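Numbering (the working numbering), first residue to last: 2 to 217.
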């Protein structure tokens, strides 16, 4: 990977991560995660991947870096308009993709997730059903949990899973056996065995685990 390509993708990925974290902070305060919230971030992730797949990758002289530098400065401001930044980043990335004189996206047929990614995707499904089962068990046993903490953790989990699973499905990131084992042996059992006092925290641990893997 050339130094320019590496730096450019690192900068764009960093912006995507900041926008994801901002959206995550918002959904934690809401009652539900809207489809629009998930779709906005997914589109951003897919656009980032299109940049990664440009082959050959455009030369530094072929890319207008001024808008990207402005976005990096804008997102650092306390009163930054996150939606406007996301829209501008999407427009910039699309322009790089469509107007570069020498670069075209590689045409690829959809591929099935790798075996390790499929294992993690299956683990995510088990984790989701475990949350539901544990919540019903706690309700039946009148083992109360903090409702606000639960909603915040559940929404974090919902958004993180949507993005993490999409990247796994498209083989944009690769899970590891150690990560799958942690999901199977630590995170899911903790939720399965949770009490009312620990239930929200165990869900949040699962959400944090996924968020940490999305932009690696």
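We put the CB at the ideal spot given by N, CA and C, even for glycine.
Keep in mind it's a predicted model, so treat the numbers as computed, not measured.
| query | result |
| --- | --- |
| Where residue 141 falls, given that 16 or more other Cβ within 10 Å makes a residue buried | exposed |
| Cβ contact check for the stretch 128–140 and the stretch 2–21: 3 or more pairs under 8 Å | no |
| Residue span of the alpha helix (DSSP H) that contains residue 43, given as start and end | 36–53 |
| Own chain, CB closer than 7 Å to residue 178, minus 5 neighbours either side, in chain order | 117 |
| Contained alpha helix (DSSP H) runs [length at least 4] in the stretch 132–179, N- to C-terminal order | 148–170 |
| Check whether residue 165 and residue 212 have beta carbons under 9 Å apart | yes |
| Enclosing alpha helix (DSSP H) for residue 66 [first to last residue] | Run containing residue 66: none; DSSP gives neither H nor E here. |
| Classification of residue 108 by the beta-carbon crowding that lies within 10 angstroms, buried from 16 upward | Model confidence at residue 108 stands at a pLDDT of 43, short of 50, so the residue's coordinates are unreliable and nothing is read from them. |
| Cβ contact check for the stretch 23–35 and the stretch 149–168: 3 or more pairs under 8 Å | yes |
| Own chain, CB closer than 7 Å to residue 29, minus 5 neighbours either side, in chain order | 153, 156 and 157 |
| Spatial distance of residue 40 from residue 24 (CA atoms) | 11 Å |
| CB of residue 94 within 9 Å of CB of residue 52, strictly | yes |
| Between the CA atoms of residue 132 and residue 185 - distance to the nearest angstrom | 14 Å |
| Cβ separation of residue 46 and residue 167, assumed to be a contact under 8 Å, to the nearest whole Å | 7 Å |
| Euclidean distance between Cα positions of residue 106 and residue 50 | Because residue 106 carries a pLDDT of 39, less than 50, the predicted location of this residue cannot be relied on, and no value is offered for it. |
| Residue 22, enclosing alpha helix (DSSP H) - first and last residue | 4–28 |
| Close Cβ partners of residue 181 (< 7 Å) along its chain, the five nearest in sequence each way excluded | 117, 120, 121 and 124 |
| Distance between residue 18 and residue 79 (C-alpha atoms, nearest Å) | 16 Å |
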